[in-house]
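Undergrad: Just so you know, the sequence shown maps onto residues 18 to 543 in the working numbering.
By construction, the Cβ of each residue, glycine as well, lies at the ideal position given by its N, Cα and C atoms.
The structure that follows is given in the form of structure tokens.
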Amino acid sequence: GAGPGGRGGPPPPARGPPPRRPHHMIFHRGSGRVVLFGGDTTTRISTEIGDQWEWDGTDWIQLSPGSAPFARYNAGVAYDSARDRVLVAGGAQTDAMFGDTWAWDGAQWTELDPGRQPIGRTSPVVWFDPVRARVMLFGGRFSQLLGDTWEWDGSRWSKLRLAAAPSLLRFYVGTYDQARQRLVLVSVGLGGVGETWEWDGVSWRQIPSTAPAPAPVAMAFDPNRRRVVALDRSDMWEWDGTDWLAVAPATFPAGYVMRAMAADTSRERVVLLSSGTWEWDGMDWQLRAPQTQSPPLCCRPAMVYDRARQRTVAFGVVSIAYGSGTQTWEWDGTAWEQRAATLPGIPQGHSMAYDPRRRRVTLFGGWGSSSPPTYLADTWEYGPDAPALYSEFGAGCAGTAGTPTLGVPPVGLPWVGATLRVELSSLPPRNAAAMLVGASATRWGAVSLPLPLAGAGMPGCSLWVSPDHAVPLANPYGTATWSASVCACPSLVGTQLYNQGVVVDPTANPTGVVASSAGAARFGAK
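Here it is in structure tokens:
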């Protein structure tokens, strides 16, 4: 045929995909078209491409499917003739490797294997969801905004398949509303215009508030007013579940870059790290420590509250310069203490959440310290080497108010130098009660434990611990608390103490006494 522009051949296509390499092309039999996906630009600075085109034999047609694989190059591509679909697996970006698998049926993409690990990213929203009893992760950024939702069970990540997710605008900021049991997330677009979304443990839902969403630098739950508060560069906002309301405190914290906020629920304060250490009591901000007495962290440090140890934990990079190292600090409400914990890779833009179920801080993602920096997909957990533990064992026997039970509030664990608190509940109100405390759960002198007490007129009851001490307890309303100050002695760390509750219950059995299950306290160091 004739050359370009001649009369003997078909006219050139009016438009087509921009230049790229190494992209992927394959024929899809069902649609009768050649599918082109991904690749990399040929410019000096490489940019991955995530667009998709089809060739119908005459012209190129650009497609815009609602859900599609992330931009990538060098993926594995094959045609599944048995199911008439194109498969795309793996591939890479400059700063990330992929392990996902997608299928194209001629109309839409479907992710076949969500994988076991989120890809590397910076600034995801991470929180603990008590509804799912999991640490959750949403979104973040690598070369583009991400909109995936994952959960961490302490050993592996699992991706959730959801019908809706927050809009991918410019960045996200989120925090957990403990009063309403919702994750409140602001997805911010250009010009500061944003959307407010909530996660209820099952699904995402956009909240159509009448007030515009702020463009916050940091957000936290206010334990006093039971609402989420947000700070931007010069303003403060409060979320009441329906609208954002402007707050005008008499004092506004100095500084606005690299802010980190966390809710100290034990002291009912919001702790802010921003040119010093500030606290919000629901009414106003107070400077608690100047910048010279606060952690020298930069580059968006992460901060969470460890309720079991009653410490606010801050982690981040010390200097903007690569190789400067990371530091971990803890705030006890009075002063900061630097801990020895560091991480390889020097992450920036990482996110953290406290898991009260496992009493550990979980950290994910960030930028690495290489040049150019890479997106990290590391998952780390932070906690004491010798944690304080309290566990219930054995079984109690039923009385007229039910079976007495033991429990330890999160702030009452057996830390050395603190106070152990054990609650005894389901008691007949105003009846005499006591806590049996002993050093053994296997022997009481020459007697082996547990010791069944049916022969002593207490059917169904057992003595589970050695009754070395019996501490009387006040029981005005059917609940009693045993408190014991623990010596700040390193030699106590790792040792155990046992306890069991008893209460007078005249009509419960011939002896008129019922017993609870038992508890084992292992002393730990914060």
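1. Excluding five sequence neighbours on each side, which residues of the same chain lie with their C-beta closer than 6 Å to the C-beta of arginine 305?
2. If you measure between the beta carbons of serine 140 and serine 368, is that distance less than 8 Å?
3. Flag this pair as touching only if the stretch 462 to 469 and the stretch 436 to 452 have three or more C-beta atom pairs under 8 Å; answer yes or no.
4. Assign serine 534 to one of three DSSP states: helix, strand, or coil.
5. Would you call the CB atoms of arginine 376 and alanine 325 closer than 8 Å?
6. Taking the beta carbon of phenylalanine 540 as the centre, do at least 16 other beta carbons fall within 10 Å, making it buried, or is it exposed?
7. Within 10 angstroms of its Cβ, does valine 464 collect 16 or more other Cβ (buried), or is it exposed?
8. Cutting at 6 Å between CB atoms, please list the residues of its own chain near alanine 85, excluding the five before and the five after it.
9. State the start and end residues of the unbroken beta strand (DSSP E) segment that holds cysteine 501.
10. So, is aspartate 217 buried or exposed, given that buried needs 16 or more other C-beta atoms within 10 angstroms?
11. Tryptophan 167 and leucine 179: beta carbons closer than 8 Å?
12. So alanine 237 and methionine 278 are in contact, right, with Cβ under 8 Å, and what is the actual spacing, rounded?
13. So who's on the other strand from lysine 176, going by DSSP bridges?
14. For a test of the three-state rule: what should DSSP assign to arginine 46, helix, strand or coil?
15. Looking at the strands, I want to know which residues DSSP matches up with isoleucine 78.
16. Is the Cβ-Cβ distance between glutamine 198 and proline 147 less than 8 Å?
17. Do you know offhand how far alanine 542's Cα is from serine 226's?
18. So proline 489 is in the beta strand (DSSP E); what residue range does that whole segment cover?
19. Under the three-state reduction of DSSP, which class applies to glutamine 308: helix, strand or coil?
20. Rounded to a whole number of angstroms, what is the C-alpha to C-alpha distance between valine 264 and tryptophan 144?
21. Which two residues bound the contiguous beta strand (DSSP E) that contains methionine 300?
22. To the nearest whole angstrom, what separates the beta carbons of glycine 350 and arginine 284, a pair I think is in contact under 8 Å?
23. Span of the beta strand (DSSP E) holding glycine 455?
24. State whether the stretch 448 to 462 contacts the stretch 395 to 406, with contact taken as three or more CB pairs (one from each stretch) at a distance under 8 Å.
25. Going by DSSP, which residues form a beta bridge with phenylalanine 238?
26. Going by other Cβ atoms of all chains shown within 10 Å of its Cβ, with 16 needed for buried, is cysteine 316 buried or exposed?
27. Can you name the residues that DSSP bridges to alanine 280?
28. Would you give the residue range spanned by the beta strand (DSSP E) that glycine 93 belongs to?
29. Do you know offhand how far glutamine 69's Cα is from serine 408's?
30. Decide if proline 266 is buried, meaning its Cβ has at least 16 other Cβ atoms within 10 Å, or exposed.
31. So, with DSSP's three-state summary, where would you put leucine 314?
32. Taking DSSP as the reference, what is the three-state secondary structure of glycine 258?
33. Measure the alpha-carbon distance for threonine 192 versus leucine 186 and round it to whole angstroms.
34. Given a cut-off of 8 Å, decide if glycine 47 and glycine 157 are closer than it, judged by their beta-carbon atoms.
35. Under a three-way DSSP split, which group does alanine 319 fall into?
TA: Per the coordinate set shown:
1. Thr294 and Glu296
2. yes
3. no
4. strand
5. yes
6. buried
7. exposed
8. Trp126
9. At residue 501 the sequence reads alanine, which differs from the cysteine that was named. Segment 497 to 502, the beta strand (DSSP E) holding alanine 501.
10. exposed
11. no
12. 4 Å
13. Trp167
14. coil
15. Glu71
16. yes
17. 46 Å
18. 486 to 490
19. helix
20. 25 Å
21. Run containing methionine 300: none; DSSP gives neither H nor E here.
22. 5 Å
23. 450 to 455
24. no
25. Val245
26. buried
27. Val287
28. 93 to 97
29. 56 Å
30. exposed
31. coil
32. coil
33. 18 Å
34. no
35. strand
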